[in-house]
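Worksheet: one structure, shown below.
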Amino acid sequence: MFTWFFWINYGCTTRNTESKKGNKTVKDEQIKIQKKIDLALANFKRIINENHGLKEKNLLALLLPIGLDIKDLDTSWLVTMNTFGENRGEVAHKSASFYSIIQPINPVDEVNMVKQIIQDLLKIDELMNLLMK
């Protein structure tokens, strides 16, 4: 089954056919690659547009496709982002009076968490800058 799928999608023959695109002649293999790139880009744009979260799965869906390696991401940052995302969800999706009864907010802890998140985001920014070099 996999072999058949691979053959249909990637071809077992090496044709050297060409197509006209405007005034340029473009090899069919280049067109196939461009279609795959366009599809990947469209999928990534959909992920960006549909993202509403701060948790690990949301962050990985944004960071891994652009070339960051999961081993370069600090696991403690991912845990912090999960906690922050859960807390944010609690506040955003429940009434303020309900949340304050269950979990009183400590402003000092919240400020410290946000400061840590900002420091870790600066590290992610540095990693992204390295990818562009």
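In terms of the numbering used here, the sequence shown opens at residue 13 and continues consecutively.
Cβ atoms here follow ideal geometry from the backbone N, Cα and C, with glycine treated the same way.
Keep in mind it's a predicted model, so treat the numbers as computed, not measured.
Pairing D40 with G79, the inter-Cα distance amounts to about 27 Å.
The three-state reading of DSSP puts K67 in coil, since its state is none of H, G, I, E or B. Sorting L74, K47 and Q42 by C-alpha distance to the C-alpha of K57 places L74 at the top.
Contact annotation: the segment 86-96 touches the segment 121-138, with at least three C-beta pairs closer than 8 Å. For D137, the enclosing alpha helix (DSSP H) has its first and last residue at P119 to L143.
Just so you know, the alpha carbons of R100 and Q42 end up roughly 45 Å apart. Of V120, K145, A104 and N118, the smallest CA-CA separation from L66 is found for A104. Its chain contains L80 and D84 as the residues whose beta carbon lies nearer than 7 Å to that of L139, once the 5 sequence neighbours on both sides are disregarded; these appear in chain order. Exclusion of the five residues before and after L76 leaves I82 as the residues of its chain whose Cβ lies within less than 7 Å of its Cβ.
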